[in-house]
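Protein chains: 4
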Amino acid sequence: MVFSLCPRARQRRKDARPGELMTAALEVFAERGFAATRLDEVAKRAGVSKGTIYLYFDSKEALFKAAVESAIIPALEAGEAIAADPAKSPGEALREFVFWWWEKVGSTDIGALPKLLVAEIGNFPELGIWFHENMIQRGKRAVVGIIARGVASGDFRPVEPLGVARIVFAMMFSYVLWRRALGAAMPDLPEPEDYFEQALDLLTHGLKRTPPCA
Amino acid sequence: MVFSLCPRARQRRKDARPGELMTAALEVFAERGFAATRLDEVAKRAGVSKGTIYLYFDSKEALFKAAVESAIIPALEAGEAIAADPAKSPGEALREFVFWWWEKVGSTDIGALPKLLVAEIGNFPELGIWFHENMIQRGKRAVVGIIARGVASGDFRPVEPLGVARIVFAMMFSYVLWRRALGAAMPDLPEPEDYFEQALDLLTHGLKRTPPCA
Amino acid sequence: MVFSLCPRARQRRKDARPGELMTAALEVFAERGFAATRLDEVAKRAGVSKGTIYLYFDSKEALFKAAVESAIIPALEAGEAIAADPAKSPGEALREFVFWWWEKVGSTDIGALPKLLVAEIGNFPELGIWFHENMIQRGKRAVVGIIARGVASGDFRPVEPLGVARIVFAMMFSYVLWRRALGAAMPDLPEPEDYFEQALDLLTHGLKRTPPCA
Amino acid sequence: MVFSLCPRARQRRKDARPGELMTAALEVFAERGFAATRLDEVAKRAGVSKGTIYLYFDSKEALFKAAVESAIIPALEAGEAIAADPAKSPGEALREFVFWWWEKVGSTDIGALPKLLVAEIGNFPELGIWFHENMIQRGKRAVVGIIARGVASGDFRPVEPLGVARIVFAMMFSYVLWRRALGAAMPDLPEPEDYFEQALDLLTHGLKRTPPCA
DNA sequence: CATGAATGAGTTTTCATTCAT
DNA sequence: TATGAATGAAAACTCATTCAT
Numbered sequence: 001m002v003f004s005l006c007p008r009a010r011q012r013r014k015d016a017r018p019g020e021l022m023t024a025a026l027e028v029f030a031e032r033g034f035a036a037t038r039l040d041e042v043a044k045r046a047g048v049s050k051g052t053i054y055l056y057f058d059s060k061e062a063l064f065k066a067a068v069e070s071a072i073i074p075a076l077e078a079g080e081a082i083a084a085d086p087a088k089s090p091g092e093a094l095r096e097f098v099f100w101w102w103e104k105v106g107s108t109d110i111g112a113l114p115k116l117l118v119a120e121i122g123n124f125p126e127l128g129i130w131f132h133e134n135m136i137q138r139g140k141r142a143v144v145g146i147i148a149r150g151v152a153s154g155d156f157r158p159v160e161p162l163g164v165a166r167i168v169f170a171m172m173f174s175y176v177l178w179r180r181a182l183g184a185a186m187p188d189l190p191e192p193e194d195y196f197e198q199a200l201d202l203l204t205h206g207l208k209r210t211p212p213c214a
Numbered sequence: 215m216v217f218s219l220c221p222r223a224r225q226r227r228k229d230a231r232p233g234e235l236m237t238a239a240l241e242v243f244a245e246r247g248f249a250a251t252r253l254d255e256v257a258k259r260a261g262v263s264k265g266t267i268y269l270y271f272d273s274k275e276a277l278f279k280a281a282v283e284s285a286i287i288p289a290l291e292a293g294e295a296i297a298a299d300p301a302k303s304p305g306e307a308l309r310e311f312v313f314w315w316w317e318k319v320g321s322t323d324i325g326a327l328p329k330l331l332v333a334e335i336g337n338f339p340e341l342g343i344w345f346h347e348n349m350i351q352r353g354k355r356a357v358v359g360i361i362a363r364g365v366a367s368g369d370f371r372p373v374e375p376l377g378v379a380r381i382v383f384a385m386m387f388s389y390v391l392w393r394r395a396l397g398a399a400m401p402d403l404p405e406p407e408d409y410f411e412q413a414l415d416l417l418t419h420g421l422k423r424t425p426p427c428a
Numbered sequence: 429m430v431f432s433l434c435p436r437a438r439q440r441r442k443d444a445r446p447g448e449l450m451t452a453a454l455e456v457f458a459e460r461g462f463a464a465t466r467l468d469e470v471a472k473r474a475g476v477s478k479g480t481i482y483l484y485f486d487s488k489e490a491l492f493k494a495a496v497e498s499a500i501i502p503a504l505e506a507g508e509a510i511a512a513d514p515a516k517s518p519g520e521a522l523r524e525f526v527f528w529w530w531e532k533v534g535s536t537d538i539g540a541l542p543k544l545l546v547a548e549i550g551n552f553p554e555l556g557i558w559f560h561e562n563m564i565q566r567g568k569r570a571v572v573g574i575i576a577r578g579v580a581s582g583d584f585r586p587v588e589p590l591g592v593a594r595i596v597f598a599m600m601f602s603y604v605l606w607r608r609a610l611g612a613a614m615p616d617l618p619e620p621e622d623y624f625e626q627a628l629d630l631l632t633h634g635l636k637r638t639p640p641c642a
Numbered sequence: 643m644v645f646s647l648c649p650r651a652r653q654r655r656k657d658a659r660p661g662e663l664m665t666a667a668l669e670v671f672a673e674r675g676f677a678a679t680r681l682d683e684v685a686k687r688a689g690v691s692k693g694t695i696y697l698y699f700d701s702k703e704a705l706f707k708a709a710v711e712s713a714i715i716p717a718l719e720a721g722e723a724i725a726a727d728p729a730k731s732p733g734e735a736l737r738e739f740v741f742w743w744w745e746k747v748g749s750t751d752i753g754a755l756p757k758l759l760v761a762e763i764g765n766f767p768e769l770g771i772w773f774h775e776n777m778i779q780r781g782k783r784a785v786v787g788i789i790a791r792g793v794a795s796g797d798f799r800p801v802e803p804l805g806v807a808r809i810v811f812a813m814m815f816s817y818v819l820w821r822r823a824l825g826a827a828m829p830d831l832p833e834p835e836d837y838f839e840q841a842l843d844l845l846t847h848g849l850k851r852t853p854p855c856a
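Residue numbers (my numbering), protein chains in the order written: chain Z, 1 to 214; chain H, 215 to 428; chain V, 429 to 642; chain G, 643 to 856.
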């Protein structure tokens, strides 16, 4: 058997195609936004011709929505798995949540969604509502659970759990945007481990020096 | 021929036109993104006809850049004024910085820039570099100064000032994006005062309960 | 004043444009059918660029419907005027109706509709219903009135008026189609006056020789 | 490998394919017109895949022409048989011709041709010439023969035979178009027997009441 | 032979840009 | 200056035609 030097012009991969197209599309949409994305470019990245897209999707908008959902669905499923493990201390659980999120969400395909969302929400308002209800709310609930447990156990000060969740999300949301959107322009952006470690430390111990006991 | 009843009106109008156009443009660009923005819509919001735009700007891109700069310049000028007032305690100075930023930047026209930046950086990479160098770096330097002073004075723990600045910016950046982009979809978004107050409190005192002195 | 040798590239004739476009469109649609008509061709015949069409019509289909209606409406109005003049003998009234129809309908722009209708009814069924109700029914009613009057007065045999109307319409419908569609292929097609004269004579007196009175 | 249980089926199928395709094609072409017809639809109606069409026909146009001819050829052959039977009275012969035409032409696949012809003559002028020469002329000659015989025998008034043939064809042509094109929109269209009976009666005896012999 | 996924030329449609008024 | 009708290049979309299986 020999290796084909030139890839076959016409491949036949009906089953794999939609996924390939959605992956390529999500990439370009996240890079350029919906309106600035040319289907030619998506087709090129998926290694097919423009017309092929229309075998699987009715329109550019349909492709956009399918691509977004295809990234969201595994995130949703992953979200189900975030069970606050009661064996862990609340501080440990929070740390695990953040690192789990980065590994399974922020650093994967799904991590392209926040940028896309911010950019396109003005043009696809229903996308924002969907995203908020299904992703943000759900994530916050997980964090709120952890914090509330910590407050109840006396590990944490009597803080407002939702307020803490907002800060945690601000930190994750910002990092993924900075990395995805401003990556090239921000050479001083730290590695995720360092960033999250440092941020969690600050969040945990605060800025203020604890006065020595008298 | 008839006499104009108000001969100065047109003159005044003429001088104000570029500004009016840039304001309207920034609004629409921030809402829809560069590619999805129609000059028809910008013209309509500015109350002029589409052709008029071309009397003042060479192209859609020129208008975009002018609109962005017109929002950035006052922000830059305002930035100059953030002198860390040595009379204030570091904690107080940080709080003042955050609220000043919201009042003078986040809640004004300039607050549209982060969304625009996130959305368009893929299409206008130079915009990202410019923005990072002129806005983010400068802002961070101000915060770093405050934190370093606090650490030196013993008010703060010996934290890494740049790391703190990142958290502070994450909090501001996220809030302005949530408000601008997700506003309609997030009915539970708190008022800025509450959000920043709560976040600063957390940042200052941390989550962890301080154990009572033995 | 001199005559402009080259027509101005950019004319400004907002009020006249829709009509010009619809006229050109009806022409091409009638020639080629809806699907085979290219908007480029319509634009060329109307002396504008392709984009101009979209200033006045939302889509090719909208242009099609507007063009059809614009031809139908004057026909409808003309139809209102067909009052069976009671001063005329029924034979005379029938003759006048047929010639009026040819002059005001068959030989005008409206005469393109039957061909268009036959060709496009499979793709635009609602067009057929509209056409039948508004044009065919109305025309038949006029003829039925004339025939019924003739039967009542004893000028005509006791025929079924609707059956006669069908024959009269068959004759008009066929002629207009033959002339419009097959014109080039049927060099022996008679002039309308001769055709209708001959047809009316046949219809009036029949084929059968009247036996001489005994 | 399995044995085919019915080894001849495929063979028989293969021979029948072109005919099945042409029948399906004529149907769709007559419904939608040439340009609006999708080969996908033709294939579906013929129960094969789109690619199969190209095993038998070089192009859409070739399929169109073949489908048209396949309907025309039996009509031509049938036409040869219309010998004016001298045993019949001219009135009887005319009546037989019309009913023969309906049964063998108008109500069969061939009856789709007039609609197709009217619709596509602008795009296929040669089709019009062919159709006129081979179908219309030939049919008219048959009718002209009958009428001339009737005039010569004194059964008919001394009418112009070609003029009569035109009326007879107008009646047949209109009916087949109305039925095929406007069928759904014209619920009051009479049955062919009634229509032709009534029309022939009118044509034979005329509208005018014959004055009683003095 | 038959299939139907893939292609790409050809159309429709959009909209930044121009320019006669 | 200001207007907005007109333009035409560019992008979305369709579908006859091809070809690997």
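By construction, the Cβ of each residue, glycine as well, lies at the ideal position given by its N, Cα and C atoms. All values derive from a computational prediction rather than experimental measurement.
(1) Out of H/Lys-318, H/Leu-290 and H/Ala-356, which one is the CA nearest neighbour of H/Ala-307?
(2) Which residues in the same chain have their Cβ closer than 6 Å to the Cβ of H/Val-256, if we skip the five residues on either side of it in sequence?
(3) Roughly how many whole angstroms lie between the Cα atoms of H/Asp-369 and H/Arg-309?
(4) Using a Cβ-Cβ distance under 8 Å, would H/Asn-348 count as near chain Z?
(5) If the cut-off is 8 Å on Cβ atoms, which residues from the segment 532-556 of chain V count as contacting chain G, listed in chain order?
(6) Between the beta-carbon of H/Ile-286 and the beta-carbon of H/Leu-327, is there less than 8 Å?
(7) Show which residues of chain G have a CB atom less than 8 Å away from the CB atom of V/Ile-481.
(8) Report all residues from its chain with a CB closer than 8 Å to the CB of Z/Trp-178; omit the five preceding and five following residues, and keep chain order.
(9) When you compare each of H/Ser-284, H/Arg-371, H/Arg-423 and H/Pro-232 to H/Phe-271 by their alpha carbons, which one comes out closest?
(10) Quick one: measure Cβ to Cβ for Z/Val-98 and Z/Met-172, integer angstroms, because I've assumed they're closer than 8 Å.
(11) In chain G, what lies closer than 7 Å to V/Thr-632 by C-beta?
(12) Would a check of beta-carbon distances place H/Leu-396 closer than 8 Å to chain Z?
(13) Can Z/Glu-193 be considered in contact with the ligand MG, in the sense that its beta carbon sits closer than 7 Å to one or more heavy atoms?
(14) Among V/Asp-443, V/Ala-458, V/Phe-597 and V/Ser-487, which has the Cα closest to the Cα of V/Val-496?
(15) In angstroms with no decimal places, state the Cα-to-Cα distance between Z/Ala-87 and Z/Pro-158.
(16) Using only the alpha-carbon positions, how far apart do H/His-419 and Z/Glu-133 sit?
(17) To the nearest angstrom, report how far apart V/Pro-553 and V/Phe-597 are at their CA atoms.
(18) Check Z/Lys-44 in the structure and name its three-state DSSP category.
(19) According to DSSP, which residues form a beta bridge with V/Phe-584?
(20) Can you pull the chain H residues whose beta carbon is under 8 Å from the beta carbon of Z/Leu-177, in chain order?
(21) From Z/Ser-59, Z/Phe-131, Z/Glu-77 and Z/Thr-37, pick the residue whose C-alpha is nearest to that of H/Asn-337; which is it?
(22) Mind checking G/Ala-717: buried by the 16 CB within 10 Å criterion, or exposed?
(23) Assuming contact is defined by CB atoms lying nearer than 8 Å, are G/Ala-704 and G/Glu-662 in contact in what I supplied?
(24) Since V/Glu-448 is in the alpha helix (DSSP H), which residue starts that stretch and which ends it?
(25) Give me the Cα-Cα distance between V/Glu-643 and H/Leu-330, rounded to the nearest whole angstrom.
(26) From G/Asp-682 to G/Ser-749, what does the alpha carbon distance come to, in whole angstroms?
(27) Do you know offhand how far V/Ser-477's Cα is from V/Ala-444's?
(28) Under 9 Å Cβ-Cβ, which residues of chain H neighbour Z/Ala-43?
(29) If we cut at 8 Å on Cβ distances, does H/Val-373 have a partner in chain Z?
(30) Measure from the C-beta of V/Gly-591 to each C-beta in chain G and report whether the shortest distance is under 8 Å.
(31) Starting from the C-beta of H/Ala-333, find all residues in its chain whose C-beta is less than 6 Å away, skip the five residues before and the five after it, and write them out in chain order.
(32) Whole angstroms is fine: what's the gap from V/Ser-581's alpha carbon to V/Pro-589's?
(33) State the Cα-Cα distance for the pair H/Gly-265 and H/Ile-335, rounded to the nearest angstrom.
(34) Spatial neighbours of V/Ala-609 within its chain, please: C-beta separation below 8 Å, excluding the five flanking residues on both sides.
(35) Out of V/Phe-559, V/Gln-626 and V/Pro-518, point me to the one whose CA is closest to V/Ser-498's CA.
(36) Note down, in chain order, every chain H residue with its Cβ under 7 Å from the Cβ of Z/Ile-167.
Put simply:
(1) H/Ala-356
(2) Within the same chain, and ignoring the five residues on either side of H/Val-256 in sequence, the residues whose Cβ sits closer than 6 Å to its Cβ are Ala-238, Ala-239 and Val-242.
(3) 14 Å
(4) no
(5) Lys-543, Leu-545, Val-546, Ala-547, Glu-548, Ile-549, Gly-550, Asn-551, Pro-553 and Gly-556
(6) yes
(7) The contacting residues do not exist; V/Ile-481 stays about 19 Å from chain G at best.
(8) Met-186 and Leu-189
(9) H/Pro-232
(10) 7 Å
(11) Gly-848, Leu-849 and Lys-850
(12) yes
(13) This structure lacks the ligand MG; in fact it carries no ligand of any kind.
(14) That would be V/Ala-458, whose Cα lies nearest to the Cα of V/Val-496.
(15) 21 Å
(16) Computed Cα separation, rounded: 31 Å.
(17) Answer to the nearest angstrom: the Cα atoms are 21 Å apart.
(18) helix
(19) G/Lys-850
(20) Val-332, Phe-387 and Leu-391
(21) The option with the nearest alpha carbon to H/Asn-337 is Z/Thr-37.
(22) With 16 or more other Cβ atoms within 10 Å, it is buried.
(23) Against a cut-off of 8 Å, the Cβ pair of G/Glu-662 and G/Ala-704 comes out as no contact.
(24) Taken as a continuous stretch (DSSP letters only), the alpha helix (DSSP H) holding V/Glu-448 covers 445-460.
(25) Past the edges of chain V, shown from 429 to 642, lies residue 643 of chain V, and the structure says nothing about it.
(26) 27 Å
(27) 15 Å
(28) Those within 9 Å of Z/Ala-43 in chain H number zero; the least Cβ separation is about 18 Å.
(29) yes
(30) yes
(31) Gly-247
(32) In this model, V/Ser-581 and V/Pro-589 are separated by some 13 Å (Cα to Cα).
(33) 28 Å
(34) Excluding positions up to five away in sequence, the list reads Lys-543.
(35) V/Phe-559
(36) Met-385, Ala-413 and Leu-416
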